[in-house]
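In our numbering, the protein residues as written are 26 to 302. We put the beta carbon where it would ideally sit given N, CA and C, even for glycine. Predicted, not measured: the structure shown is a model, and the values here were computed from it.
Dropping the structure here:
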């Protein structure tokens, strides 16, 4: 029979008077609200100030993706805020995809959905349309680049990028060539990693290692002549017609996180796009 392993509490958590664990991180936030400049600033509604405080804490990794936030009762106890203010701030965080609420469990920092397939891009369907075909990936290279393209327009203000090139096989039937572009100033440590350590799915790695979960994506697809390097990588004749699939990924505050382009040969396989917003 499998054994249940008790999860370890965050070191900043202590038992509070509610019988629930009171969070020292929340107490630090309360001190910020009581001290200047937040303590004096009356120009911003309190619920917006609380929303911004939680958002900044989550962005800086004070609370990690998937971590449970203190309950509303504890927040009201610790913070100089009313229940109504706390609830409005939490609702705004939910509406912007920063946290999620689970019935009977509480509020959690958003991260990867429970089923990682929900944001897995390569969702090719089998003949019946009921099951996803397996995919197999291999990292070809990772490099620093100043090259410009759709990624530089999307990741506006960035001048150096980490480019990860991958070869992805769909059901061992056909190959696709993928390039992911990330801001080097944030993800530059990936350049020192052995290729075998650049894990898939990429979204999970960015969430767990860089506190940059993918919360929203948009796609565009066009058909045309595949570029030379893509043809070579996926074993197509030079000048072959195929598909150019672009994936624009966003993280907190709907800020651009990374750009991905995938080159595919023509295929009769159907590609499913789950809704994530």
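Counting C-beta pairs closer than 8 Å gives three or more between the segment 272–287 and the segment 171–186, which meets the contact rule.
A Cβ-Cβ distance of about 6 Å is found for the pair residue 193 and residue 160, placing them in contact under the 8 Å criterion. In this structure, the straight-line span from the alpha carbon of residue 90 to that of residue 79 is close to 13 Å. In the three-state reduction of the DSSP assignment, residue 68 falls in the coil class. Following the DSSP letters along the chain, one finds residue 228 inside the alpha helix (DSSP H) bounded by residues 227–235.
Runs of the alpha helix (DSSP H) spanning 4 or more residues and lying entirely within the segment 72–159 occur at 97–103, 108–120, in chain order. Residue 223 carries a coil assignment under DSSP once its states are collapsed to helix, strand and coil. The three-state secondary structure of residue 243, taken from DSSP, is strand. When the beta-carbon positions are compared, residue 106 and residue 71 come within less than 9 Å of each other.
Judged by their CB atoms, residue 265 and residue 241 are not nearer to each other than the 9 Å cut-off.
The DSSP-derived three-state label of residue 57 is helix. Secondary structure note for residue 175: its alpha helix (DSSP H) is the uninterrupted segment 175–179. Taking the C-beta atoms as reference points, residue 169 is found nearer than 9 Å to residue 216.
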